[in-house]
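Going down the list, the sequences are from chains A and B.
Mapping of the first sequence onto my numbering: position 106 corresponds to residue 924, and the numbering continues sequentially without gaps.
Mapping of the second sequence onto my numbering: position 150 corresponds to residue 151, and the numbering continues sequentially without gaps.
For each residue, glycine too, the CB sits at the ideal point set by N, CA and C.
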Amino acid sequence: MLPRSFQYFAPTAVEEVTGLLKEHEGDVKILAGGMSLIPLMKMRLASPGYIVDINRVKGLEYIEESEDGKALLIGSLTRHHSLESSPLVKKRAPLLSEAAGSIGDPQVRNLGTIGGALAHSDPSGDWGAAILAVRGAVMALGPSGERSIPIDDFLVDTFTTALKEGELITRVSVPTLPEGAKSGGAYLKLERKAGDFATAGVAAQLVLEERKDGDYCTYAGIGLTALGPKNLRASNAEARLVGRRLTKEAISEAASAAASESAPTDDPLRGTAKYKRQMAGLFTRRALELAAARARAHGGRGAR
Amino acid sequence: MTTLQVKVRVNGKESAKEVEPRLLLVHFIRDELGLTGTHVGCDTTNCGACTILLDGKSVKSCTMFAVQADGRSITTIEGMQAADGELHPIQKAFWENHGLQCGYCTPGMVMQAAWLLRENPSPTEQEIRLGISGNLCRCTGYQNIVKSVKEAAKAMQTEAKGRR
C-alpha cells in the first residue's frame, strides 16, 4: 500500500516545526513514531500534503524528575519502550511503565511515542487512560507560546484533542508522590489476541493512608480504554473510593459505578456493548484490587 | 515528483538513492537495494515479517518511510551472517531446532530475536514469547521458534564467555 504523495520536512528545532505547521496549516501532519499515522496514510484514510517529521528535533526525548521532585517530565518523543524499561518510571510512576509495556508489540513500542499516541486520541489508546489515572498534563507549544493542558481537557473526543492548529506537544508531566507513600497503580486490559487493540482496559491509581481501623483511600484515579468515544475518566467510581476505608465493598461499588459510566458500543470484532460494560466492571475491580495490593506492599517496604 | 536523497549504512555498506518521500523503507530495502530477505507480509504493522534493525532497534520497515532512515544504520537478515559465510548463532539455532517451516516469517523472527537477545541475553520462555509477540508465524505453532531463540541465547552466552 502506497500513501498519496506528500512533501517531507525533517526539521531539527521546535521553532522550525511550529513555523512549518503554520505555513501549511490545514494540510500538514506531524510524524512522530508513525505507528498510527503511517497505517492511516497507507490506507488513505489520511492524505496530508505535508509531513513534518519531528524525529530529528533535539530535546524532545527524555524522562526526568522536575526540580522540586513533585513531577515526572516526559518528552513528547519518548518511545513507549523507553517508558516501559526506565528505572525512574518504574520507581516514580510504575503505572506508566505497565501501561507502556502493554501497547502494541515490541517493534511498535520501539518507535511509537507518548506524545504521538495522546495527540491521536484513539479511544482504544492506552496512554489516555493511564494519564487520566495519574492526572497528568500535556504541554503544547504553538505560535502564541507554551500552555499546559490538563489531560481531562486535552482529550476532547474520538481522534480529537484540545490541540489547536499549529500546536505541537512538547512534553507530558505527571505528578508524583513523596517516596515511600502508600501508592499503587495497575493497568489491565482485555485483548482478543496479542497486540490487538483493547476490548476493554482500565488504569487505576490509588493512594492509601493507614489508620487504626484500616487503609483509607486518599486518592483514586481511574481511566478507561476502549469503553467510550474517548479515554474516559470513571469519576463516579473514583468518588466511591476517596475518603473511604478501602474495603471489598467499596471496590465493588466503584467497579459497578465504572461499568455504569462507561459508554461502549457494539462492534462486530470485539463484542457487544453489554459485554464490554461487564468487562469494564470486572477489570475495574481487578485493577483496583491489584493497585491496592501494590500500594500496601509498596508502603510496607517504604521507598522502593 | 520531488525526490530526496537517502543515505544509509546497510549491513555495514553505505548506499545513497534518490527516492520519493512516500516510499516505504521495506520497498527501499527490497526494490532499491535488492535485499529481498526482508519480507512484506501483512503490510499493516501486524505480522513482523519486515522487521529490521534500525540503529540497533527492531522496527517494522513497512511502517516507516525510507526518508526517515536517512543517515542511519540498518541491519537486515543479509547482514546477520559473518563475512566468511558462517551463520549467526540465531540462524544456526533456527536451523538446528527446526524453527521454521515455510520460512516466510523467519527473517523477521531472526531480526526480532537479535534485538530481544541484546536487550535480555538470557530470557525466560515467557519473555521470549512476549518478545516475539509482534511476529506472526502461521506454520510452526511457535514451539520450535521459542526453542530456537532459547538455544541461540545459550549459544551466544557460551560464545561471549569464550571471548572473555
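Rounded to whole angstroms, the separation of the alpha carbons of Asp32(B) and Glu21(B) is 13 Å. With a cutoff of 7 Å on beta-carbon distance, Val846(A) and Pro821(A) are scored as not near each other. Burial check for Asn121(B): the Cβ neighbour count within 10 Å stays below 16, so the residue is exposed.
Apart from the 5 residues on each side of it in sequence, Glu983(A) sits with its Cβ closer than 6 Å to the Cβ of Glu843 in its chain, given in chain order. One Cα belongs to Arg130(B), the other to Ala1098(A), and the distance between them is close to 27 Å.
Contact note: Leu820(A) reaches chain B through Arg23, using a C-beta cutoff of 7 Å and chain order. Taken in chain order, the whole alpha helix (DSSP H) runs of length 4 or more contained in the stretch 1052-1077 of chain A are 1053-1057.
For Lys908(A), the uninterrupted alpha helix (DSSP H) run begins and ends at Pro905 to Arg910, by DSSP. In the displayed model, Gly1019(A) falls within a strand according to three-state DSSP. With its beta carbon at least 7 Å from every one in chain A, Ser149(B) lies outside the interface. Here the alpha carbons of Met853(A) and Met861(A) stand approximately 13 Å from one another. Within the DSSP secondary-structure output, Cys1035(A) pairs in a beta bridge with Leu1026(A). For Pro993(A), the beta-bridge partners assigned by DSSP are Ala889(A). With respect to Leu54(B), Met112(B) sits close: the two C-beta atoms are nearer than 7 Å.
Here the stretch 914-929 of chain A lies against the stretch 946-958 of chain A, with 3 or more beta-carbon pairs under 8 Å apart. Cβ contact annotation for Ser149(B) (same chain, cutoff 6 Å, sequence separation greater than five): Ala94, Phe95, Asn98 and Gly100, in chain order. Per DSSP, Ile949(A) has no beta-bridge partner at all.
At a cut-off of 7 Å, the C-beta of Val60(B) has a neighbouring C-beta in chain A.
Straight across, the Cα-Cα distance linking Tyr826(A) with Leu959(A) is about 21 Å.
Here Val870(A) is near Ile848(A), since their CB atoms are less than 7 Å apart. Only residues of its own chain outside the window of five on either side were considered, and among them Ser942 have a CB closer than 6 Å to the CB of Phe1015(A), listed in chain order. Taking 8 Å as the upper bound for CB-CB distance, Ile881(A) and Leu906(A) are in contact here, some 6 Å apart. By a beta-carbon distance limit of 8 Å, Val60(B) contacts Gln925(A). Their separation comes to about 5 Å.
Residue range Pro924 to Leu929 is occupied by the alpha helix (DSSP H) that includes Arg927(A). The beta-carbon of Val20(B) is placed no less than 7 Å from the nearest beta-carbon of chain A.
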